[in-house]
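A.B. asks: Residue numbers (this note's numbering): 311 to 606.
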Ligand code: UTP
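1) Leaving out the 5 sequence neighbours to the left and right, which residues in its chain are closer than 8 Å to residue 359 when beta-carbon positions are compared?
2) What does DSSP give as the partner residues of residue 564 in its beta bridges?
3) Does residue 412 come out as helix, strand or coil in the three-state DSSP assignment?
4) Starting from the Cα of residue 450, find the closest Cα among 315, 566 and 313 and give me that residue.
5) Check the C-beta distance from residue 518 over to residue 440 and give it rounded, since I have them as a contact under 8 Å.
6) Helix, strand or coil for residue 516? Go by DSSP, reduced to three states.
7) For the beta strand (DSSP E) holding residue 499, just list the boundary residues, first then last.
8) What's the call for residue 545, buried or exposed, on a 16-neighbour Cβ count within 10 Å?
9) How far does the beta strand (DSSP E) with residue 263 in it reach, from first residue to last?
10) What is the rounded straight-line gap between the Cα of residue 351 and the Cα of residue 445?
11) What residue does the beta strand (DSSP E) around residue 328 start on, and which one ends it?
12) Cutting at 8 Å between CB atoms, please list the residues of its own chain near residue 399, excluding the five before and the five after it.
Quick look at the structure:
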């Protein structure tokens with residue numbers, strides 16, 4: 311098979327309401343909540359850059375400018391850090407901003423993930439692209455999007471990222487019915503949104519990374535809105551599956567779901583254990599927390 315068109319763009323839907331982490335997300339987009347010293351979305355952007363995707367398309371809600379501001383240059387802060395000889399901090403601040411090319415499109419109303427992808431159409435244009443949900447913070451080597459692009463280069467079509475979860479948890483996710491092709495790759499036979507565990511076709515759940523082809527746009531348009539008034543990406547993918555093969559690859563790495571309170575706390579603890587300044591302090595910190603507990 312000839313080489314498929316190169317993927318260069320990655321869409322970050324970031325126009326959701328983040329109700330699960332209110333009131334923190336009343337003003338601050340949940341994508342900017344920090345995991346220690348780095349906003350959640352920056353993990354995803356760094357993953358994209360490390361996977362060779364530097365054209366970042368942000369789907370934001372009107373009035374939410376903090377996300378763009380974060381990735382902008384900060385000349386005054388940079389100058390102060392330079393004067394104070396804080397070169398490591400300066401590099402950390404500049405690196406991502408200089409490597410990426412950012413554009414933003416607004417989703418006027420939070421009408422669902424499928425709709426958020428649909429509004430990226432003009433910026434993506436007629437080429438394959440990736441979608442990354444920054445709630446899913448993935449620690450993997452090679453990076454998750456790179457793993458998916460390797461499969462895309464082989465199959466030349468849409469690739470979903472899947473992860474095995476305990477059976478009783480499948481009802482929170484989209485689940486695939488897939489034929490294993492070996493090496494963690496599946497040919498998708500069907501997709502089911504939030505199935506009953508007893509009826510789920512597998513324990514392979516779709517997580518927040520997608521490689522898509524531009525024919526997802528007409529598929530989403532044709533899909534329209536569900537009973538709750540939202541346009542679901544899974545429904546669009548199901549429709550697309552009628553016209554072309556879709557593949558999935560099992561993640562080789564560790565995913566944290568930072569989009570809910572418990573998952574967010576877990577993500578902070580996970581990355582604290584890997585943080586050069588904090589890792590050594592964590593066991594003692596947890597011990598003292600437990601002894602505080604014993605006192606109350
Ligand atoms: P979620 O459903 O997890 O995010 O959407 P949410 O709606 O912001 O969160 P809760 O449920 O109210 O706490 C997954 C991703 O899709 C984006 C979100 O920003 C998130 O990155 N999204 C969702 C949109 O951009 N637009 C939408 O209309 C819905």
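Just so you know, even glycine gets a beta-carbon here, dropped at the ideal spot from N, CA and C.
C.D. replies: According to the data block:
1) 406, 409 and 410
2) 449
3) strand
4) 566
5) About 11 Å; that fails the 8 Å criterion.
6) strand
7) Note, residue 499: beta strand (DSSP E), 495 to 503.
8) buried
9) In the structure as shown, the chain begins at 311 and stops at 606. Residue 263 is therefore absent and cannot be evaluated.
10) 8 Å
11) Counted as a single uninterrupted DSSP element, the stretch harbouring residue 328 is not any beta strand (DSSP E), since DSSP gives it neither H nor E.
12) For residue 399, where only same-chain residues beyond five positions count, the Cβ hits under 8 Å are 391.
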